[in-house]
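*Asks:* Residues in the sequence shown are numbered consecutively from 98, following our numbering. To start, I am sharing the structure in question, which I have written as C-alpha cells.
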Amino acid sequence: MRDPLGLVDYVVLFAYLAGTLWLGFRIGRRVATGRDFFLAGRSLPWWAVGMSLVATDIGGTDVIGVGGAAYRHGLAVANFEWIGCVPAMIVGAFVFIPHFWRSGVATIPEFLERRYGVGVRSAVALCWLTFMGCNLGIMLFASAKMAHASLGLDFRDVAIGDMRLAGCELPVAIVAVALVTGAYTMAGGLAAVVYTDVLQCAVMIGGCLLVLVFGLAEVGGIGALSERIAERAAGSGAAVPPLIEHNELILPVDTATPFPWTGVFFGLALILSPAYWIGNQAIVQRALGARSEFEAKASYVWGAVLKNVIPVIVAVPGLIAMVLLPDVADADQAIPLLANRLLPQGMRGMFLAAFLAALMSSVDSYLNSACTIFVNDFYLRFTGKPIEGRGAVWVGRATTGAMMVWAIGFAVACTRLQGSGIYGVFQTLMSFFQGPALAVLLGGLFWARANRHGAFWGFVVGVASAVAMFTANQPSVLTGLGWHPLFQIAEPFLYFSIWSFVITVVVLAVVSAATPAESADRIAPLLYHRRRRNA
Numbered sequence: 098m099r100d101p102l103g104l105v106d107y108v109v110l111f112a113y114l115a116g117t118l119w120l121g122f123r124i125g126r127r128v129a130t131g132r133d134f135f136l137a138g139r140s141l142p143w144w145a146v147g148m149s150l151v152a153t154d155i156g157g158t159d160v161i162g163v164g165g166a167a168y169r170h171g172l173a174v175a176n177f178e179w180i181g182c183v184p185a186m187i188v189g190a191f192v193f194i195p196h197f198w199r200s201g202v203a204t205i206p207e208f209l210e211r212r213y214g215v216g217v218r219s220a221v222a223l224c225w226l227t228f229m230g231c232n233l234g235i236m237l238f239a240s241a242k243m244a245h246a247s248l249g250l251d252f253r254d255v256a257i258g259d260m261r262l263a264g265c266e267l268p269v270a271i272v273a274v275a276l277v278t279g280a281y282t283m284a285g286g287l288a289a290v291v292y293t294d295v296l297q298c299a300v301m302i303g304g305c306l307l308v309l310v311f312g313l314a315e316v317g318g319i320g321a322l323s324e325r326i327a328e329r330a331a332g333s334g335a336a337v338p339p340l341i342e343h344n345e346l347i348l349p350v351d352t353a354t355p356f357p358w359t360g361v362f363f364g365l366a367l368i369l370s371p372a373y374w375i376g377n378q379a380i381v382q383r384a385l386g387a388r389s390e391f392e393a394k395a396s397y398v399w400g401a402v403l404k405n406v407i408p409v410i411v412a413v414p415g416l417i418a419m420v421l422l423p424d425v426a427d428a429d430q431a432i433p434l435l436a437n438r439l440l441p442q443g444m445r446g447m448f449l450a451a452f453l454a455a456l457m458s459s460v461d462s463y464l465n466s467a468c469t470i471f472v473n474d475f476y477l478r479f480t481g482k483p484i485e486g487r488g489a490v491w492v493g494r495a496t497t498g499a500m501m502v503w504a505i506g507f508a509v510a511c512t513r514l515q516g517s518g519i520y521g522v523f524q525t526l527m528s529f530f531q532g533p534a535l536a537v538l539l540g541g542l543f544w545a546r547a548n549r550h551g552a553f554w555g556f557v558v559g560v561a562s563a564v565a566m567f568t569a570n571q572p573s574v575l576t577g578l579g580w581h582p583l584f585q586i587a588e589p590f591l592y593f594s595i596w597s598f599v600i601t602v603v604v605l606a607v608v609s610a611a612t613p614a615e616s617a618d619r620i621a622p623l624l625y626h627r628r629r630r631n632a
C-alpha cells in the first residue's frame, strides 16, 4: 500500500510530538513531592483544567470509535456528548466537585473510605484500576488501527527485531505512543498531563475540523448530507434497515442499534454520565488539582461549553464516511480512510497529529490516574507513608512504567478483537461497575443511614449482576443453555448500567437498614447537606 503521508505531513507530526515531549519534561522539573506529582500542588487554572477534561474524555477511541459508531448506527451516538456529558458536567460543577475539592482528598476511593471504610475504598479502587489498565490497552490498540489505515501498516507487517507476543508481531505504533506518552507522564505527573492536554485539545479540534470542512464540501453541505443518507436508506431495502435511522438523534425502543431512547435516558443520562463525570478518577482528579474551589467549578463549566462542539467534529464525519465510503468492512477504519481520501498532503499530518493528540491526552490521563489510585489507595494506605514524601514520586513513576508495559501487552491482545467496535468495548467495560459505583457514592453523600456493610455488598452484588447479564447475553451461552437473549439490541451496555445500579441501590438499602449505622459525628462532615449547612 502506498504511503499516504508526504514530507510536510511527517514534519507536522514530528513537530507535534517533539513539542509535547518538551512541554512535559519542562513541567516535570517542578515536581518535588507526591502532592505535586498526583495533584499538581493544587495549582492548576480553570481554563487548563477545562480543556484537559475535554481532551481526556475525547480520546483516540472516540475519534475512531465515535466516528465508527456513527458510520454503523447514525447520529444517535452524538447523545453520548450532548446528553451524556453536558448536563452531568453542569450538575457536577455546582454540586459535587466543590464538595470533593473542599474535602482535600486525592482520589474518589479515598473519599469513600472516609465515608464507609477501607473495604469499600479497596473494592472500588480495584475496579477502577482494572478498568483503566484494560482501557489503556484499548487506546493503544486504536493507535495501531490508525497506523494501519493512515500509514498502510498492517498489524503483522512490522516488528521490532524478532519480538513477538502470543504469536502476534508487536505493532510499532503501539510501542511508539506508549513510550512518548509514558515518558512525559512519568516526568511531570498531573501538571504535565494537564498542560500537554491543553496543546492536545487545540490540535485535536483543529485536525477534526479539517476533515469535517473538507467532507461537507465534498458532499455539498449538511443538507445534502442528510438527503444522501435518506436516499441510501430508501435504496437499501430490508437488507439494511438501520440506515433509515442514521439521521435520527432519538431512536425507538425496538431499534437494532445500541442507542434506544430508554437506554439513552435511563442508562446514559441518569447513570453512566453522572458516574463518569463525578466518580471517574481520571476526570475528577483534574478538578481536585485546581487552585481554588471556584476554579474547580469554572473548569467543569468551561469544559461543558467545549463539549457542545465535539459531536459535530467527531460524529458528523462518520456520517460523511457512510455516504462517501459505503463499503468499509471495519467501521473503526472509516474516519482515517475518509481523511486519506479528503485531505491533501500537508494536512494529513495535521489530522494524524489530531488523532495522536486525542489518544495521548487520554492515555496520559488514565496512566496518571491509575498510578494515583495504586499509590494513594494501596501503597500509601497500607504502608502509612505520607503523600508529601519524595518517595511517593518515585513509586508513582515506577507504577506508571509498569502500567505502560501492561497496556502494551493488552493492546497486542486486542489486535485479535473481532465483532464489537472499539467504542462498544469501552462502554461495555464501564457498564460493569459504573452503576454500582455511582449508587454507593450517592448513598454516601445523601443518605446518612448508608453504612459500610450496605455499600460493600451493594457494590459487589451490583458488579456481579452486570457481569452476569453480559455473560448471559452472549450467543455461545444462549445457544448452550437454549435461552433467549436478555436484551434484543446490539451491545446492550446501557441496560447493564441501569439494572446494576438498581440492584446496588436495593442491596445497599436493605443491608444498611439491617446492620448498625455509622457514627453520626464521624460522617456528618462528609454528607452533602451537612457540609452545605456548615459552609
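Built from N, CA and C at the ideal position, the CB exists for glycine as well. Since the model is a prediction, treat every value here as computed from it, not as a measurement.
For P423, which of helix, strand or coil comes out of DSSP?
*Replies:* Here P423 sits in coil by DSSP.
*Asks:* Taking the CB atoms as reference points, tell me whether T204 and D474 lie closer together than 8 angstroms.
*Replies:* The answer is yes: Cβ separation under 8 angstroms.
*Asks:* Can you grab the Cα-Cα spacing for the pair T601 / V420, in whole Å?
*Replies:* Taking the straight line from one Cα to the other gives about 43 angstroms.
*Asks:* Along the chain, where does the alpha helix (DSSP H) containing I187 start, and where does it finish?
*Replies:* V183 to V188 is the span of the alpha helix (DSSP H), which, as asked, contains I187.
*Asks:* Once the 5 residues before and after F311 are set aside, which same chain residues still bring their CB inside 7 angstroms of it?
*Replies:* Cβ neighbours of F311 beyond the five flanking positions: L439 and L440.
*Asks:* Starting from D133, follow the alpha helix (DSSP H) in both directions and report where the run begins and ends.
*Replies:* G131 to L136 is the extent of the alpha helix (DSSP H) around D133.
*Asks:* What separation, rounded to the nearest whole angstrom, lies between the Cα atoms of G400 and L150?
*Replies:* If I take the Cα positions, the gap works out to 6 angstroms.
*Asks:* Between which two residues does the alpha helix (DSSP H) holding F507 run?
*Replies:* R487 to C511 is the extent of the alpha helix (DSSP H) around F507.
*Asks:* Only counting runs of 4 or more residues, tell me where the alpha helix (DSSP H) segments fall wholly within the region 521 to 553, in order along the chain.
*Replies:* Whole alpha helix (DSSP H) segments, 4+ residues: 531 to 543.
*Asks:* Among A220, A129 and V295, whose alpha-carbon lies nearest the alpha-carbon of M457?
*Replies:* Nearest of A220, A129 and V295 to M457, Cα basis: V295.
*Asks:* Go through its chain and collect everything with a Cβ distance to V108's Cβ below 8 angstroms, but skip five positions before and after it.
*Replies:* Cβ within range, chain order: G446.
*Asks:* Using the beta-carbon count (16 or more within 10 Å), is F391 buried or exposed?
*Replies:* Looking at its Cβ environment, which holds fewer than 16 other Cβ atoms inside 10 Å, F391 is exposed.
*Asks:* Pull up the CB-CB distance for M444 and L542, whole angstroms please, since I reckon it's below 8 angstroms.
*Replies:* No, M444 and L542 are not in contact; Cβ-Cβ is about 48 angstroms, not under 8 angstroms.
*Asks:* If you compare alpha carbons, which of T568, L539 and R546 is closest to F556?
*Replies:* Nearest option by C-alpha distance: L539.
*Asks:* Assuming contact is defined by CB atoms lying nearer than 8 angstroms, are F208 and V202 in contact in what I supplied?
*Replies:* Their beta carbons are under 8 angstroms apart, which means F208 touches V202 by this criterion.
*Asks:* Evaluate R487 with the Cβ neighbour count: other Cβ atoms within 10 Å of its Cβ, from every protein chain shown; 16 or more gives buried, anything less gives exposed.
*Replies:* The residue in question, R487, is exposed, as its Cβ has fewer than 16 Cβ neighbours within 10 Å.
*Asks:* Ends of the alpha helix (DSSP H) at M148?
*Replies:* From DSSP, the alpha helix (DSSP H) with M148 extends over W143 to D154.
*Asks:* Once the 5 residues before and after V300 are set aside, which same chain residues still bring their CB inside 7 angstroms of it?
*Replies:* Within the same chain, V300 has close Cβ partners Y113, A450, A451 and A454.
*Asks:* For a test of the three-state rule: what should DSSP assign to P433, helix, strand or coil?
*Replies:* It is helical.
*Asks:* Is the Cβ of V183 closer than 8 angstroms to any Cβ of chain B?
*Replies:* The structure shown has no chain B; it contains just one protein chain.
*Asks:* Does E485 pass the burial test, meaning 16 or more other C-beta atoms within 10 Å, or should it be called exposed?
*Replies:* Exposed, because fewer than 16 other Cβ atoms sit within 10 Å of the Cβ of E485.
*Asks:* In terms of alpha-carbon separation, which member of A137, D154, Y625 and D618 lies closest to W374?
*Replies:* Minimum Cα distance to W374 is reached at D154.
*Asks:* What are the uninterrupted segments assigned as alpha helix (DSSP H) that are 4 or more residues long and contained completely in the region 356 to 392, given in chain order?
*Replies:* Runs found: 370 to 376 and 378 to 385.
*Asks:* Which stretch, first to last residue, makes up the alpha helix (DSSP H) that contains P408?
*Replies:* Its alpha helix (DSSP H) spans residues I407 to V411.
*Asks:* Please state the DSSP three-state secondary structure of L348.
*Replies:* L348 falls in the strand class under three-state DSSP.
*Asks:* Can you give me the C-alpha to C-alpha distance between S597 and V350, rounded to a whole angstrom?
*Replies:* Whole-angstrom Cα-Cα distance: 20 angstroms.
*Asks:* Give me, in chain order, the residues of the same chain whose beta-carbon lies closer than 6 angstroms to that of A504; leave out the 5 immediate sequence neighbours on both sides.
*Replies:* L233, G234 and L237, listed in sequence order.
*Asks:* Taking just the CA atoms, how far does N465 sit from P622?
*Replies:* Answer to the nearest angstrom: the Cα atoms are 29 angstroms apart.
*Asks:* Measure the C-alpha to C-alpha separation of V188 and R388 and round it to an integer number of angstroms.
*Replies:* Their backbone Cα atoms lie some 20 angstroms apart in a straight line.
*Asks:* Rounded C-beta distance between H343 and L416? I'm assuming under 8 angstroms.
*Replies:* So it is a contact: roughly 6 angstroms between Cβ atoms.
*Asks:* For V413 and V607, what's the separation of their Cα atoms in angstroms?
*Replies:* Approximately 46 angstroms between the Cα atoms of the pair.
*Asks:* Between the Cα of G164 and the Cα atoms of W225, A190 and C305, which residue gives the shortest distance?
*Replies:* When only C-alpha atoms are compared, the closest one is C305.
*Asks:* Is it true that the CB of A185 sits closer than 8 angstroms to the CB of K394?
*Replies:* In this structure, A185 does not lie closer than 8 angstroms to K394 by Cβ.
*Asks:* Are I410 and L309 touching if we call contact CB-CB under 8 angstroms?
*Replies:* Yes, the Cβ-Cβ distance between I410 and L309 is below 8 angstroms.
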